[in-house]
Structure formats: structure tokens, C-alpha cells
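Read through the structure below, which is laid out as C-alpha cells, and then see the notes.
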Amino acid sequence: MSFNNLTRRHFLGTAAAGAAVLAARPSLAASKTLNILSHRVHQTVLQPQGGENLLAEWSKAQDAEAVFSTFDSNPLQDRLFREAGLSKTDFGVGYIIDNRPTSDVAKLFTPLDDLMAKDPIEDYEDIAAGLRQGMTVDGKLIGIPVRHATGGLFYNEALLEEAGISAPAKTLEELVEHTKKLTFTSKSGTPVVGMIMASDLAIFPVSFARAFGGDFITSDFKLLPNPEAMEKGLAVLNDMFKAGALPRSYATTKNDDQVTWMQQGRAAYTMITFARFKQFNDPQQSQFPGKIKAVAFPGSESLPAGKMAGVTESWGMAIPANYPNKELAWSYIKEVASKRVTLGMAKNGNGPVRVSTYADPGFAQSNPLAAVEAEVLKSARGAFPPFPEAARAQQFFLEEVQLAVIGRKPVKEAVASMQQRIQPLLPK
């Protein structure tokens, strides 16, 4: 399951595999058509049912109609890459996930640097640096960021107060202390674990390694640039597991389990995308509406202030190299990436890629986490860069992490095994 949670305001699970049309709309009778491959959520935030059509100005100016073919995430990427590999495609814009464009995949798409130089995106530097980097392959820009899913540390304020804790953890060491104290039976009789996290996603061990100044794989494909930091991060997780502050079922815990346990008050802390805030506090789903809040995931007290890099995944808009009318496709991308449309999409539930969007008074008022999410986004980056063997590398990584966390293998041995198993998979 991807950390790139496509749910902001209940979008989870709304996209069925295969082409889908959101709702019947009157024909624009436009002279041009721009066919777009995307996830349904990308169309929904642009053309919400019963809301403002954010593409109306673009359609009028270009005398063009945007026609979406929507798929779930993995089928979408497969279809996009197949279309881009043909001699010619009718799809002018495709939405691509930042951990998919390897060097070979990137060659299927139009380098956007010349288009940027000729007809630039509005205030491109306003788009978070980590997201821009995720759409740059071999020094060439192949996509413009349009949506992100960035992780934060969520906590149940009611459970913290019950355990005598007045504020969420500010350092990793304090977080560990809290999770142990919060492994108790609440006054309602519910057994509580201090923290819950999925075992099948790299973001969690990567975050614990980054808390000590380390990483998994850097953007220039250095594996475990600071092995001691990874060892420290895994040692912390192992200590939490031994103390019962992680669920006994850690090895089989999934992303959706985190949501359920937090809503039911069975866990006090979790790390998940900021987009989950509304779901956590929905009175119809949660037993603690208004009590589940979030802060930035904290670094170790040994890490200099401001150096903790969050984890994010993002989507970008790309132009297949085999699409003939690149100017029309670029005009769409420019419009969707503009400040006006980025703000409009954010109000419709999109994860805004522009830092300035979070400062908009209207958006900030409707999103209690706007300030903290904006701060995390400034330095957030993906858990690992794209490369052909990335899926296998993540699998090997998570296998070793799980063995270390549950105590089946010494931490130092697990980290050494990561190095041995994953290094041959990296690009030469």
C-alpha cells in the first residue's frame, strides 16, 4: 500500500480501476480536446460535483476541453507508461507518482526545462523543493508537482491527558518515553498501546533513521549513508516493541489499522499523512472527535534543530514525449500549477504543493494543521528515490527491519544484511 494516501476528505476507495467519468457535464463544444490520464481524485479536486469548475478559465482561453480517463494508482501508472511507449498517443497529460520515474521511464516523457524557460510556471520556487526534486530525473524536469501526501505525528490528546502528559513529544526520546507511559488500560477499560505503525511501509523506519541524521537511500543512490543512525532508529523501535509500546501484531499491522486503532482509542500515537486529520476527527467514525491532533515527527535531541526531514510522496503532471501538441498540454499544466488553482484544489481536499497556499487565511482557517504541514513540507522528501529495483529493495529493507524490531535478529546484524542484500540492486 502506498504512503501516498489518496484520501483527503473521504476520497479513500472512490476510484475504481478502469476509465471513469466523474459526472455528466454539458459539452463545451470546444474546438480542441486534451485527453488526460489521472486518478479520479485529481479530476475531483478540479471539477467537484456541485462546485466550481477550476478549469473553466483555461477551457475558455484555449478553446479546449479536458477529458479525463481515470484509474486507480497502479493501473494508472501501467497505462501511462504503455501509452508513452507507443509511437504516438492521444493522451497529452499523465499524472505520475514521484517514486516511479526511473531513468528509462523518464525518457518516455518530455523534458520540461525548455517549456519552463519559454513560458514559465507562476512562481515555480513556491512549490516545495522536495517535491520539485522528486520530479527531476538525471537533471531533467519531467513533471510538475500537483499533489502530495506528507507524514506527521498524530496523538490522542484525551489519552495523553489521562496519562498525565500535557503536550505531545518534542524529541524522539520524549516520544519513546510517552509511548511507554501510554501503554496502559484507559479509564474506559480499553487496552492502549503507546504507538501504532504499519510494518509494510518504509516511511516508518526511514523516519526513525532520519531522526538520528541517517537515511535509507539518498537521492544519489547512497545506501545507508549513516549506518549508525539506522541502527539507533531500529534499536529504538525494538525497545518500544519489547516494552509493549508497539502492538504485538506489529509484523502484520497495515496502514488502515493505524486509522482504526486511533479512532477507537486503542493507540495514543501514530505517524500517518496529515490528510487523515479530518477522518480521525469525524464524529461518525471516531470516538475522539476533536481530540486527535498532529505535530511534526520529532528528531532526536542529538539532531540539530530544524534538521529533521519529513517523508512525503507526491504526484506530478507529465507530458508523454510522443504526444504532438505539447503547447496545449503545457497550457493545462501551467493553469493547474497556478496559485489560484492550487488554492482551489486545496479547498477541495488536495494536498497543496505550494508553500504559500498554507498561508492563505481562508485555507488556514479551514485546516487546523496548515501551519505545521507547511513547515514539514519545506524540507520533506521521499523515503527513497526511484530506480528499477526499488520494489525489491524496499521488500528486503522491510524484512530486515521487521526481524530487528521484533527481536528475531540483532539490530547491527540486520543493518549489515540490508547493506549486503540491497547494494547489488542499486544503479551502478
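First residue of the sequence shown: 417, per my numbering; consecutive thereafter. Every residue gets a Cβ at the ideal spot worked out from N, C-alpha and C, and that includes glycine.
For this session: Compare the C-alpha of F488 against each of P720, H455 and S503 and name the closest.
Result: Contrary to the premise, residue 488 reads as Asp rather than Phe in this sequence. Closest in C-alpha terms to D488, from the list P720, H455 and S503, comes H455.
Problem set entry | Residue of P740, G466 and V553 minimising C-alpha distance to A500 | Of the listed residues, the one whose Cα sits closest to A500 is P740.
Exercise. Is there contact between the segment 608-618 and the segment 772-790, where contact requires at least three CB pairs shorter than 8 angstroms?
Worked result: The segment 608-618 is not in contact with the segment 772-790.
For this session: Quick one: which unbroken alpha helix (DSSP H) runs of 4-plus residues sit fully inside the segment 516-596? Chain order, please.
Result: Note on the segment 516-596: whole alpha helix (DSSP H) runs with a minimum of 4 residues are 519-522, 529-534, 545-550 and 573-578, in chain order.
For this session: Report yes or no: do the segment 570-580 and the segment 647-660 share at least 3 C-beta pairs separated by less than 8 angstroms?
Result: Between the segment 570-580 and the segment 647-660 there are fewer than three inter-stretch CB-CB distances shorter than 8 angstroms, so the stretches are not counted as touching.
Exercise. Would you report the Cα separation of K707 and E473, rounded to the nearest angstrom?
Worked result: Cα to Cα, the separation comes out at about 40 angstroms.
For this session: Provide the residue(s) that pair with W731 in DSSP beta bridges, ordered along the chain.
Result: Looking at the DSSP assignment, W731 forms a beta bridge with I513 and R563.
Problem set entry | Cβ-based neighbour list, A645, same chain, cut-off 6 angstroms, excluding 5 preceding and 5 following | The beta carbon of A645 lies closer than 6 angstroms to those of A625, F628, G629 and G630 in the same chain, with the five residues before and after it left out.
Exercise. With respect to 6 angstroms, is the separation between the Cβ of D530 and the closest non-hydrogen atom of the ligand ADP below this value?
Worked result: Ligands displayed in this structure: none; no statement on the ligand ADP is therefore possible.
Exercise. Thinking C-beta only, is I452 closer than 7 angstroms to F497?
Worked result: No.
For this session: Out of V727, T728 and F713, point me to the one whose CA is closest to A721's CA.
Result: The residue with the shortest Cα to Cα distance from A721 is F713.
Exercise. How about the segment 730-747 and the segment 560-568: do they share at least three Cβ pairs that are nearer than 8 angstroms?
Worked result: Contact between the segment 730-747 and the segment 560-568 is present: 3 or more CB-CB pairs across the two stretches fall below 8 angstroms.
Exercise. Does the segment 751-769 come close enough to the segment 823-833 that 3 or more CB-CB pairs lie under 8 angstroms?
Worked result: They do not touch, by the three-pair rule.
For this session: Could you check the C-alpha separation between A725 and F813 for me, to the nearest Å?
Result: Cα to Cα, the separation comes out at about 20 angstroms.
Problem set entry | Those runs of the beta strand (DSSP E) which lie wholly inside the segment 590-653 and span at least 3 residues | Segments of the beta strand (DSSP E) lying fully in the segment 590-653: 607-612.
Problem set entry | Residue from N515, G767 and T595 whose Cα sits closest to the Cα of F800 | Considering only alpha carbons, the answer is N515.
Exercise. Is the beta carbon of P584 less than 7 angstroms from the beta carbon of V711?
Worked result: The answer is yes: Cβ separation under 7 angstroms.
For this session: Kindly indicate which residue of R692, Q810 and L819 has the alpha-carbon position closest to the one of N766.
Result: The shortest C-alpha separation from N766 is found at R692.
Problem set entry | CA-to-CA distance, P464 to H426, given in whole angstroms | Only weak support exists for where H426 lies, its pLDDT of 41 falling under 50; the value from the coordinates is given anyway. The straight-line gap from Cα to Cα measures roughly 13 angstroms.
Exercise. Cβ atoms of T518 and F803: under 7 angstroms apart, would you say?
Worked result: In contact: F803 and T518 (Cβ atoms closer than 7 angstroms).
For this session: Starting from T358, trace the beta strand (DSSP E) both ways and give me its first and last residue.
Result: No statement about residue 358 is possible, as the shown extent of the chain runs from 417 to 844 and does not include it.
For this session: Under 8 angstroms Cβ to Cβ from E751, same chain only, skipping five residues before and after it: list those, please.
Result: Contacts found: L471, E473, W474 and V757.
Problem set entry | Through-space distance from V792 to D539, alpha-carbon basis | Cα-Cα distance, rounded: 20 angstroms.
Exercise. How would you write the range of the alpha helix (DSSP H) that L450 sits in, first residue to last?
Worked result: L450 -> not in any alpha helix (DSSP H); beta strand (DSSP E) instead, spanning K448 to S454.
Problem set entry | C-beta contact flag for S667 and Q818 at 7 angstroms | Residue identity check: residue 667 is Ala in the sequence provided, not Ser. Using a Cβ distance threshold of 7 angstroms, A667 and Q818 count as a contacting pair.
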